[in-house]
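Undergrad: Protein chains in written order, with this note's numbering: chain A, 8 to 377; chain B, 28 to 239.
Just so it is clear, CB atoms sit at the ideal spot from N, CA and C, and this is done for glycine as well.
Please read all numbers here as calculations on a predicted model, not as lab measurements.
Here is the structure:
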């Protein structure tokens with residue numbers, strides 16, 4: 008069995024899982040309209056306060072030596088280590104990093120402090136592994152927006168094969184001009200806070216975060232990751248399959264007779280993504296299961312999303328309290344979903360997390376109490 | 028159950044080889060011209076190819092060669108075929124191209140046709156589309172080709188029944204450097220099968236084939 012232990016979220020809503028869960032239940036959002044020096048337009052997105060990041064990081068390292076993304080990731084991993092006592096310099100422990108763009112800000116603005124070399128994902132990985140004196144070469148996963156969830160599924164498989172006792176998985180991505188301008192060119196950005204699964208949804212918001220979780224073969228909690236799988240649509244590189252093929256496949260591979268108590272969906276709030284998810288949930292007979300998207304609180308945090316959303320759902324499971332799907336008002340997908348609208352307490356035994364991304368990739372995993 | 032590497036392909040230094048035999052050489056110094064020459068040589072009729080970035084072109088051509096040299100590819104269960112890829116430079120070629128479009132505020136032209144390639148796993152998506160492969164996906168970033176990681180994860184998927192076949196490899200495009208090494212791994216009993224090339228799936232053998 009693969010148990011899920013300590014976890015962390017570094018986001019604009021707080022620097023620990025607890026702070027983040029509390030903020031979300033208080034209906035706070037990290038999303039705000041911001042001006043950037045590169046554009047006349049405002050962007051509705053979620054950015055971490057760089058001053059706060061440096062303040063926190065200065066207690067454990069030299070702020071000038073690390074990029075923003077490295078500082079977020081290190082703080083996140085460090086919190087998991089402090090909570091669990093797991094040692095990355097132990098041969099039985101592995102670190103897996105998940106990111107789509109890594110230190111992409113360095114590629115946009117190389118400087119004396121950080122040369123272009125730092126934009127290579129392996130440089131990012133080396134810096135983080137170096138900080139923690141990792142005994143094993145860290146694994147780096149870059150698989151678009153399923154990266155975080157896929158990294159968790161990979162971690163489960165590696166622990167099951169008896170290769171490691173403990174694995175810490177950290178996902179992180181930034182909001183920069185690179186991603187903002189790119190998604191804007193796709194007409195995918197919403198100027199207002201996003202409205203996943205809503206009839207009036209107008210697109211995504213980008214967000215930045217780092218989030219980490221411990222997987223262990225030891226009974227570090229009463230929650231296990233019971234199943235996980237990925238599948239490809241083989242349909243389009245930047246649009247989801249209209250029939251939800253890949254997500255349907257990924258869910259079908261792991262779904263058991265007993266349905267999960269809730270689903271943490273991908274729910275980016277684009278027209279096509281949310282529609283595709285409704286089709287896949289319909290095909291797997293899950294439209295009656297309570298479902299949320301957490302993008303209304305954080306925006307789309309890309310390589311961190313699968314981790315951040317899993318960590319919030321783990322707390323939801325542990326506290327027996329559903330998290331409302333922020334931004335939702337009116338059914339806006341073909342197959343109506345049971346969207347969670349109030350943070351009611353009820354006994355929860357299991358949940359399913361799903362994710363889909365560019366390149367036609369999809370992933371799904373089930374977490375449950377034992 | 029045994030696992031075997033049933034075919035492999037190299038594209039490197041303007042040279043292409045399949046199962047260790049040179050298939051094509053070309054003196055084009057420009058990587059894009061080289062890729063176009065290989066596309067012509069393969070007589071591949073796939074117009075989407077011309078929209079792709081170098082990384083995807085490289086991945087598609089290497090996979091095409093692999094598939095053509097895998098006699099029973101048509102019989103693969105595509106739902107059980109995993110795509111496990113890795114590289115060093117992620118999508119930096121396209122990342123740089125996208126940065127060019129946003130650097131100058133007087134000449135600002137970010138484009139979805141460039142931005143869409145700014146993820147390393149897009150090449151996996153392109154391969155999935157062309158060959159209708161819908162199984163497990165993975166894209167790892169390593170400092171250099173890592174036969175231990177590749178063998179380990181591929182084997183996990185095959186042993187756990189998450190896949191019955193895997194197309195694996197290294198596809199890297201960075202400036203003038205192009206390098207692809209792709210190979211096919213199958214699960215099963217091979218003793219009675221006639222195959223010109225077949226090796227046991229082990230990290231040291233993967234490394235031998237890679238460094239050939």
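Strictly below 7 Å CB to CB, what residues from chain A border residue 188 of chain B?
TA: The sequence position of residue 188 of chain B within the second chain is 161, counting from 1. None at all; the shortest Cβ gap to chain A is about 10 Å.
Undergrad: Work out the CA separation of residue 86 of chain A and residue 53 of chain A for me, nearest whole Å.
TA: As a working note, residue 53 of chain A is residue 46 in the first chain. As a working note, residue 86 of chain A is residue 79 in the first chain. Those two C-alpha atoms are separated by around 22 Å.
Undergrad: State the Cα-Cα distance for the pair residue 222 of chain A and residue 9 of chain A, rounded to the nearest angstrom.
TA: On the first chain, residue 222 of chain A is found 215 positions in, with the first residue counted as 1. On the first chain, residue 9 of chain A is found 2 positions in, with the first residue counted as 1. When rounded, the distance between both Cα atoms is 6 Å.
Undergrad: Looking at the C-beta of residue 173 of chain A, does it have a partner C-beta in chain B at a distance below 8 Å?
TA: By 1-based counting over the first chain, the position of residue 173 of chain A is 166. With 8 Å as the cut-off, residue 173 of chain A does not count as an interface residue toward chain B.
Undergrad: According to a CB-to-CB cut-off of less than 7 Å, which residues of the stretch 141 to 154 of chain B neighbour chain A?
TA: Residues 142, 143, 145, 146, 147, 148, 149, 151, 152, 153.
Undergrad: Buried or exposed: which applies to residue 135 of chain B, given that a residue is buried once 16 or more other Cβ atoms fall within 10 Å of its Cβ?
TA: Taking the second chain and counting its residues from 1, the one referred to as residue 135 of chain B is at position 108. Exposed.
Undergrad: With the cut-off set at 8 Å, would you say residue 166 of chain B and residue 150 of chain A are in Cβ contact?
TA: For the purposes of this step, residue 166 of chain B is taken as the residue at position 139 of the second chain. For the purposes of this step, residue 150 of chain A is taken as the residue at position 143 of the first chain. Cβ atoms of residue 166 of chain B and residue 150 of chain A: closer than 8 Å.
Undergrad: Would you verify that the beta carbon of residue 111 of chain B is, or is not, closer than 8 Å to some beta carbon of chain A?
TA: As a position in the second chain, residue 111 of chain B is number 84, starting the count at 1. Closer than 8 Å: no.
Undergrad: In three-state terms, what does DSSP make of residue 48 of chain B?
TA: Here residue 48 of chain B refers to the residue found at position 21 when the second chain is read from its first residue. Strand.
Undergrad: At the 8 Å Cβ level, is residue 147 of chain A part of the contact set with chain B, yes or no?
TA: Here residue 147 of chain A corresponds to residue number 140 of the first chain, with the count starting at 1. Yes, residue 147 of chain A lies at the interface with chain B (some Cβ there is under 8 Å from its Cβ).
Undergrad: Reducing DSSP to helix, strand and coil, say where residue 184 of chain B ends up.
TA: Along the second chain, read from residue 1 onward, the residue named residue 184 of chain B stands at position 157. Residue 184 of chain B falls in the helix class under three-state DSSP.
Undergrad: Residues of chain A with CB closer than 8 Å to the CB of residue 126 of chain B, please, in chain order.
TA: Position 99 of the second chain, counted from the start, is the residue given in the question as residue 126 of chain B. The contacting residues are 114, 115, 185.
Undergrad: Residues of the stretch 197 to 208 of chain A with a CB closer than 8 Å to any CB of chain B: list them in chain order, please.
TA: From the stretch 197 to 208 of chain A, no residue has a Cβ closer than 8 Å to chain B.
Undergrad: Do you know how far the Cα of residue 24 of chain A is from the Cα of residue 178 of chain A?
TA: Within the first chain, numbered from 1, the residue matching residue 178 of chain A stands at position 171. Within the first chain, numbered from 1, the residue matching residue 24 of chain A stands at position 17. Using only the alpha carbons, I get a separation of about 14 Å.
Undergrad: How is residue 79 of chain A classed by DSSP in three states: helix, strand or coil?
TA: For this step, residue 79 of chain A is matched to residue 72 along the first chain. DSSP places residue 79 of chain A in helix when its eight states are reduced to three.
Undergrad: For residue 249 of chain A, count the other beta carbons within 10 Å of its own beta carbon; 16 or more makes it buried, fewer makes it exposed. Which is it?
TA: As a working mapping, residue 249 of chain A is identified with position 242 in the first chain. Burial call: exposed.
Undergrad: Put residue 8 of chain A into one of helix, strand or coil per three-state DSSP.
TA: Taking the first residue of the first chain as 1, we reach residue 8 of chain A at position 1. The answer is coil: DSSP assigns residue 8 of chain A none of H, G, I, E or B.
Undergrad: Just the Cα atoms here: how many angstroms apart are residue 274 of chain A and residue 115 of chain B?
TA: In the first chain, counting from the first residue as 1, residue 274 of chain A sits at position 267. In the second chain, counting from the first residue as 1, residue 115 of chain B sits at position 88. Using only the alpha carbons, I get a separation of about 31 Å.
Undergrad: Determine, using beta carbons only, whether residue 81 of chain B comes closer than 8 Å to chain A.
TA: As a position in the second chain, residue 81 of chain B is number 54, starting the count at 1. Cβ-Cβ to chain A under 8 Å: no for residue 81 of chain B.
Undergrad: Once the 5 residues before and after residue 50 of chain A are set aside, which same chain residues still bring their CB inside 6 Å of it?
TA: Within the first chain, numbered from 1, the residue matching residue 50 of chain A stands at position 43. If we look at residue 50 of chain A and ignore the five residues flanking it on each side, its Cβ neighbours are 41, 187.
Undergrad: Could you work out which residues of chain B lie near residue 191 of chain A, taking near to mean beta carbons separated by less than 9 Å?
TA: Mapped onto the first chain, residue 191 of chain A falls at position 184. Residues of chain B passing the Cβ test: 137.
Undergrad: Using the Cα positions of residue 283 of chain A and residue 156 of chain B, report the straight-line distance between them to the nearest angstrom.
TA: Within the first chain, residue 283 of chain A is the residue found at index 276, counting from 1. Within the second chain, residue 156 of chain B is the residue found at index 129, counting from 1. C-alpha separation (whole angstroms): 18 Å.
Undergrad: Whose C-alpha, out of A:78, A:136, A:185, A:302, is nearest the C-alpha of residue 43 of chain A?
TA: As a first step, residue 43 of chain A must be located in the first chain, where it is residue number 36. That would be A:185, whose Cα lies nearest to the Cα of residue 43 of chain A.
Undergrad: Kindly indicate which residue of B:161, B:199, B:235, B:192 has the alpha-carbon position closest to the one of residue 175 of chain B.
TA: The sequence position of residue 175 of chain B within the second chain is 148, counting from 1. That would be B:235, whose Cα lies nearest to the Cα of residue 175 of chain B.
Undergrad: Could one say the Cβ of residue 104 of chain B lies closer than 8 Å to chain A's Cβ atoms, at least one of them?
TA: On the second chain, residue 104 of chain B is found 77 positions in, with the first residue counted as 1. Chain A, which has no Cβ nearer than 8 Å to the Cβ of residue 104 of chain B, makes this no.
Undergrad: By the criterion of Cβ-Cβ separation under 7 Å, what are the contact partners of residue 131 of chain B in chain A?
TA: For the purposes of this step, residue 131 of chain B is identified with residue 104 of the second chain, where counting begins at 1. By Cβ distance, chain A contributes nothing, its closest Cβ being about 11 Å from residue 131 of chain B, past 7 Å.
Undergrad: Helix or strand or just coil, what does DSSP make of residue 167 of chain B?
TA: In the second chain, the residue the question calls residue 167 of chain B occupies position 140. Residue 167 of chain B falls in the strand class under three-state DSSP.
Undergrad: In or out: residue 125 of chain A buried (at least 16 other Cβ within 10 Å) or exposed?
TA: Taking the first residue of the first chain as position 1, residue 125 of chain A is located at position 118. Flag for residue 125 of chain A reads buried.
Undergrad: Just verifying my parser: in three-state terms, what is the DSSP assignment at residue 208 of chain A?
TA: Reading the first chain from its first residue, position 201 is the one you call residue 208 of chain A. Reduced to three states, the DSSP call for residue 208 of chain A is coil.
Undergrad: Output, in sequence order along the chain, the residues in the stretch 116 to 136 of chain A whose CB is closer than 8 Å to any CB in chain B.
TA: Cβ contacts with chain B come from 126, 127, 128, 129, 132, 133.
Undergrad: Check whether the Cβ of residue 151 of chain A lies closer than 8 Å to any Cβ atom in chain B.
TA: What you label residue 151 of chain A is simply residue 144 of the first chain in a count that begins at 1. Yes - at least one Cβ of chain B is within 8 Å of the one on residue 151 of chain A.
Undergrad: Please classify residue 34 of chain A as buried or exposed, where buried requires at least 16 other C-beta atoms within 10 Å of its C-beta.
TA: Mapped onto the first chain, residue 34 of chain A falls at position 27. Exposed, by the Cβ-count rule.
Undergrad: When Cβ atoms are compared, which residues of the stretch 214 to 246 of chain A fall closer than 8 Å to chain B?
TA: Result list: 236, 237, 238, 239, 240, 241, 242, 243, 244, 245.
Undergrad: Quick one: what's residue 281 of chain A bridged to in DSSP?
TA: The residue labelled residue 281 of chain A in the question sits at position 274 within the first chain. DSSP lists no partner for residue 281 of chain A.
Undergrad: Just confirm the distance between the C-beta atoms of residue 205 of chain B and residue 93 of chain B, as a whole number of angstroms; I'd bet it's less than 8 Å.
TA: By one-based count along the second chain, residue 205 of chain B stands at place 178. By one-based count along the second chain, residue 93 of chain B stands at place 66. Not confirmed; about 16 Å, so no contact.
Undergrad: Report yes if the C-beta distance between residue 135 of chain A and residue 80 of chain A is below 8 Å; otherwise report no.
TA: By one-based count along the first chain, residue 135 of chain A stands at place 128. By one-based count along the first chain, residue 80 of chain A stands at place 73. For residue 135 of chain A and residue 80 of chain A, yes; Cβs fall inside 8 Å.
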